[in-house]
Ligand SMILES: O=C(O)c1[nH]c(=O)[nH]c(=O)c1I
């Protein structure tokens, strides 16, 4: 079995990446990922200036996944750009960078800086942070998304990707696909970010489990797998020339296989990585190999996007 994937000019020896935000905020965390079984790594979404993020507790795990309202805590884009400048891109696994500016101007300033740096990284522009009090998710505003992508394409002259929120209506899949179709710079879309503004209740304490936003937070884990698979399949269908990165509900080789069957080129692991640590990437990779062997597939291309309908 061969797990190798080549896409948008990068080579990965397996299709597993951490989900942005998980185990990737500090150099120490990024180095642990670099030494893990991950086929590539992505940095925490960054803003123009460092941010402390929301008050704690701001993450909680549940039997079926997680809820988080981190509030974009990060060391500021210069920190991650510095890590990327020192990174051994030629010999090491690919590095992706997530950008999530607090305003159009901030996004343009950061993207111009990344363009200037001209590093062989892939940028994932986050259109879907659900946890900034008072700020809507750009990805749910189709005009604002189109404007942002048009402006970014002027200052960042290479292919980049976007991190999308989950959509729940075929009309919205179509509207966002039209926006992305109209932006030739988009080389990939990552589906999905957490399902925004869920509420987890602790029955014993009769209380919410995270402090920000009176307990509202992005939901990840088993809860989101069907929604993630639907978004992967619908955007892969609608954007044939672009790559889809599958994210949401992956905790074993089985869900990784499902995401690729639905059309994902590669996949990201979030909640499971947060809960289990980087060893889960070795486990998931090996489980995927076994599943492919059992099914008689040699490469990911043998089954990618081949989900049967009835
Ligand atoms: O609260 C966060 O930092 C956060 N949390 C998420 O679940 N998704 C995101 O894109 C972000 I930027």
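Numbering (my numbering), first residue to last: 7 to 316. For glycine and all other residues, C-beta sits at the position ideal for the given N, C-alpha and C.
Query, Result
"Could you check whether residue 224 and residue 60 sit closer than 8 angstroms to each other, using their CB atoms as the reference points?", "no"
"Please report the distance separating the alpha-carbon of residue 193 from that of residue 167.", "6 angstroms"
"Comparing C-alpha positions only, which one of 300, 315 and 289 sits nearest to residue 20?", "289"
"On a CA-only basis, which of 271, 87 and 262 is nearest residue 247? Give me that one, please.", "271"
"Between residue 198 and residue 171, which are expected to be in contact by the criterion C-beta below 8 angstroms, what is the C-beta distance as a whole number of angstroms?", "7 angstroms"
"Mark residue 213 as exposed unless 16 or more other C-beta atoms lie within 10 angstroms of its C-beta, in which case mark it buried.", "exposed"
"Assess contact between the region 278-293 and the region 37-46, defined as three or more Cβ pairs (one per stretch) separated by less than 8 angstroms. Is contact present?", "yes"
"Compare the C-alpha of residue 229 against each of 62, 33 and 67 and name the closest.", "67"
"For residue 187 and residue 131, what's the separation of their Cα atoms in angstroms?", "16 angstroms"
"Quickly, what does DSSP pair residue 117 with across the bridge? List them, please.", "For residue 117, which the question treats as bridged, DSSP gives no partner whatsoever."
"Say the cut is 7 angstroms; is the CB of residue 135 nearer than that to a heavy atom of ligand 1?", "yes"
"Sorry if obvious, but does the Cβ on residue 24 come closer than 7 angstroms to a heavy atom of ligand 1?", "no"
"What is the DSSP secondary structure of residue 65, counted as helix, strand or coil?", "strand"
"Pick helix, strand or coil for residue 188, following the three-state DSSP scheme.", "coil"
"Rounded to whole angstroms, how far is the Cβ of residue 265 from the Cβ of residue 256, which I believe are closer than 8 angstroms?", "6 angstroms"
"For the alpha helix (DSSP H) holding residue 290, just list the boundary residues, first then last.", "285-301"
"List the whole-angstrom C-beta distance separating residue 242 from residue 268, where the pair is believed to meet the contact cut-off of C-beta under 8 angstroms.", "7 angstroms"
"Pairs of beta-carbons, one from the region 92-99 and one from the region 151-165, closer than 8 angstroms: are there three or more?", "no"
"Keeping to the same chain, check which residues put their C-beta closer than 7 angstroms to that of residue 86; ignore five residues upstream and five downstream.", "49, 52 and 103"
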